[in-house]
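Student: Going left to right, the sequence shown walks through residues 1 to 372 as the working numbering numbers them.
Think of the CB as a built atom: it goes at the ideal place given N, C-alpha and C, for glycine as much as any other residue.
None of the values given here were measured: they were computed from a predicted structure.
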Amino acid sequence: MLSTTLFTIGPYDICLWNIIIISLIIIGTYLLRKFIYKTLNKHLSEAFFEIEGRKIAWLRLLGQSTYLMAIYIAVMSLNYNNHHVRFSDFLDIKIITIGEFHLNFYHIVSILCVLLVSKIITNIVKLYIKRSFRLAEEYNRGSEFVYVQITKYIVYVFTILIVFQILNINLTLLLTGSAALLVGIGLGLQDVFKDLISGIVLIIEGTIRVGDIVAIPDKGDSNSIVAKIIKVNVRTTQIETRDGNILIISNSKLTQDTVENWSHGSEVTRFIINLSVAYGTDTELVKELLIKAAKNHPKVKNKDDIFVRLSNFGDNGLEIELLFWADQSWWINNYKSEIRFDIDRLFRENNIRIPFPQRTLHYTPTHTNKDK
Numbered sequence: 001m002l003s004t005t006l007f008t009i010g011p012y013d014i015c016l017w018n019i020i021i022i023s024l025i026i027i028g029t030y031l032l033r034k035f036i037y038k039t040l041n042k043h044l045s046e047a048f049f050e051i052e053g054r055k056i057a058w059l060r061l062l063g064q065s066t067y068l069m070a071i072y073i074a075v076m077s078l079n080y081n082n083h084h085v086r087f088s089d090f091l092d093i094k095i096i097t098i099g100e101f102h103l104n105f106y107h108i109v110s111i112l113c114v115l116l117v118s119k120i121i122t123n124i125v126k127l128y129i130k131r132s133f134r135l136a137e138e139y140n141r142g143s144e145f146v147y148v149q150i151t152k153y154i155v156y157v158f159t160i161l162i163v164f165q166i167l168n169i170n171l172t173l174l175l176t177g178s179a180a181l182l183v184g185i186g187l188g189l190q191d192v193f194k195d196l197i198s199g200i201v202l203i204i205e206g207t208i209r210v211g212d213i214v215a216i217p218d219k220g221d222s223n224s225i226v227a228k229i230i231k232v233n234v235r236t237t238q239i240e241t242r243d244g245n246i247l248i249i250s251n252s253k254l255t256q257d258t259v260e261n262w263s264h265g266s267e268v269t270r271f272i273i274n275l276s277v278a279y280g281t282d283t284e285l286v287k288e289l290l291i292k293a294a295k296n297h298p299k300v301k302n303k304d305d306i307f308v309r310l311s312n313f314g315d316n317g318l319e320i321e322l323l324f325w326a327d328q329s330w331w332i333n334n335y336k337s338e339i340r341f342d343i344d345r346l347f348r349e350n351n352i353r354i355p356f357p358q359r360t361l362h363y364t365p366t367h368t369n370k371d372k
């Protein structure tokens with residue numbers, strides 16, 4: 001009964017024994033993979049770097065390899081009641097036939113092997129690059145990300161070419177026959193291609209890297225968006241704002257707009273705090289207190305270069321600017337807020353008043369004599 005043929009798949013006669021054996025192979029592979037993963041993860045977790053924040057790359061590759069081996073064993077188990085069938089006969093089973101194009105199991109197995117090898121190569125190179133950068137004296141996360149991305153895309157391109165070769169697809173004929181279609185697609189996807197080219201430029205040039213703090217112009221606002229670069233992909237870039245929001249912007253925005261990169265150039269930048277004091281206030285005292293407030297903050301650099309400037313005679317008071325140098329920090333707004341708190345404290349201690357808008361209305365009553 002267990003050996004009775006239930007149905008056929010190509011040259012294979014499938015019986016109940018085959019189904020039981022394959023089921024046991026699947027269950028055994030799953031349990032074996034979990035055991036190996038748990039054991040190696042316990043002893044080797046400190047020996048490898050994590051790839052892109054996921055679990056250790058080697059363990060994931062081991063799991064994929066285990067499943068491929070399970071597929072091979074499952075196919076070979078079919079020889080239990082099919083002694084006359086060889087593994088090559090299984091590979092020759094045709095799945096799809098369209099004209100002269102044939103897709104059989106040989107193509108599928110070959111493509112899976114190519115994908116697995118490309119994955120192994122990618123992760124080996126990633127691991128080597130990450131180790132090289134992290135063992136260097138000056139670790140640069142942005143440069144590390146650029147090299148990893150370039151390596152990944154190069155491997156992907158070669159993988160696609162090899163897959164086309166396995167499927168016997170003539171790229172020349174394919175491109176020639178679809179030229180008109182590609183032109184139409186190109187016209188409709190101009191913005192997409194523009195973003196793709198911009199992404200390649202960003203990755204190769206490295207002018208904007210992961211971890212950089214940038215000020216991006218906002219069309220709907222006169223102020224710029226200050227954000228941290230989280231990830232640079234081929235078409236889009238992920239940024240994190242000071243509010244903790246993750247935004248996805250097109251790469252063309254970073255290459256075509258004027259973007260201020262706080263992480264490049266000078267280590268310190270001049271910042272300004274604007275304020276007003278009432279008319280009649282002792283300006284020398286104000287100047288002294290403002291310089292004191294700036295010097296009191298630990299993040300202010302070049303303390304001898306702190307400068308107070310009377311910028312204008314405003315409608316409500318004297319408009320003053322406090323100029324100081326500090327690191328182009330992600331938390332500069334917090335630093336400026338702390339300096340403002342100190343200014344308010346010093347002003348209150350010295351009875352210096354910060355003016356607010358006031359309007360004086362003069363009302364002159366008028367009397368009108370009406371003729372009776």
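What are the uninterrupted segments assigned as beta strand (DSSP E) that are 3 or more residues long and contained completely in the segment 218-264, given in chain order?
Tutor: For the segment 218-264, whole beta strand (DSSP E) runs of length 3 or above, ordered along the chain, are 224-232, 236-241, 246-250.
Student: Would you mind sorting T360 into buried or exposed? The rule is 16 or more other CB atoms within 10 Å of its CB.
Tutor: It is exposed - the Cβ of T360 has fewer than 16 other Cβ atoms within 10 Å.
Student: Tell me whether Y12 sits in a helix, a strand or coil according to DSSP, three-state version.
Tutor: Residue state, collapsed to three classes: strand.
Student: For I272, report the span of its beta strand (DSSP E) as first-last.
Tutor: Segment 268-277, the beta strand (DSSP E) holding I272.
Student: Could you say which of R242, Q256, L323 lies nearest to S405 if we only look at CA atoms?
Tutor: Outside the shown range of the chain (1 to 372) lies residue 405, about which nothing can therefore be said.
Student: Measure the CB-CB distance between L202 and V232 and report whether it falls below 7 Å.
Tutor: Yes.
Student: Based on the DSSP output, what are the partners of H102 in its beta bridges?
Tutor: Partner(s): T97.
Student: Using a Cβ-Cβ cut-off of 6 Å (strictly less than) and excluding sequence neighbours within five positions of F7, which residues of its own chain qualify?
Tutor: Once the five neighbours on either side are set aside, the close Cβ partners of F7 are I14.
Student: Please state whether DSSP places F164 in a helix, a strand or coil.
Tutor: Correct three-state label for F164: helix.
Student: For N104 and Y80, what's the separation of their Cα atoms in angstroms?
Tutor: Cα to Cα, N104 sits roughly 23 Å from Y80.
Student: Can you tell me where the beta strand (DSSP E) with L318 in it begins and where it stops?
Tutor: 318-327 is the span of the beta strand (DSSP E), which, as asked, contains L318.
Student: Go through its chain and collect everything with a Cβ distance to N350's Cβ below 7 Å, but skip five positions before and after it.
Tutor: Only L285, L289 meet the Cβ criterion.
Student: Secondary structure at F356, three-state DSSP: helix, strand or coil?
Tutor: F356 falls in the coil class under three-state DSSP.
Student: Who are V308's beta bridge partners in DSSP?
Tutor: Paired residues: L322.
Student: Based on the DSSP secondary-structure assignment, which residues constitute the bridge partners of T207?
Tutor: Answer is none; T207 lacks a bridge partner.
Student: Looking only at DSSP bridge pairs, what is F7 linked to?
Tutor: Paired residue(s): I14.
Student: Taking the CB atoms as reference points, tell me whether N261 and V214 lie closer together than 7 Å.
Tutor: Cβ distance < 7 Å, so N261 and V214 count as in contact.
Student: Assign I20 to buried or exposed, taking buried as 16 or more other Cβ atoms, counted over all protein chains shown, within 10 Å of its Cβ.
Tutor: Classification of I20: exposed, given that the 10 Å Cβ count is below 16.
Student: Evaluate the contact criterion for the segment 268-276 versus the segment 224-239: three or more CB pairs, one atom per stretch, below 8 Å.
Tutor: The segment 268-276, when compared against the segment 224-239, does not touch it at the 8 Å Cβ threshold.
Student: Quick one: is R131 buried, meaning 16 or more other Cβ sit within 10 Å of its Cβ, or exposed?
Tutor: Exposed, because fewer than 16 other Cβ atoms sit within 10 Å of the Cβ of R131.
Student: Select from V234, S77, I36 the residue whose C-alpha is nearest the C-alpha of L24.
Tutor: Comparing Cα-Cα distances from L24 to each of V234, S77, I36, the minimum goes to S77.
Student: Using 7 Å as the threshold, is the C-beta distance between D342 and N296 below it?
Tutor: The answer is yes: Cβ separation under 7 Å.
Student: Count the CB pairs spanning the segment 28-35 and the segment 104-113 that are closer than 8 Å, and state whether there are at least three.
Tutor: Judged by Cβ distances under 8 Å, the segment 28-35 makes no contact with the segment 104-113, as fewer than three pairs qualify.
Student: Rounded to a whole number of angstroms, what is the C-alpha to C-alpha distance between F324 and F307?
Tutor: Their backbone Cα atoms lie some 7 Å apart in a straight line.
Student: Looking at D212: is its Cβ nearer than 7 Å to the Cβ of I229?
Tutor: Cβ atoms of D212 and I229: closer than 7 Å.
Student: Would you kindly check if the distance between the Cβ of N312 and the Cβ of E321 is under 7 Å?
Tutor: Cβ atoms of E321 and N312: not closer than 7 Å.
Student: Can you tell me where the alpha helix (DSSP H) with L361 in it begins and where it stops?
Tutor: Counting along the chain, L361 falls outside any alpha helix (DSSP H), and DSSP gives it neither H nor E.
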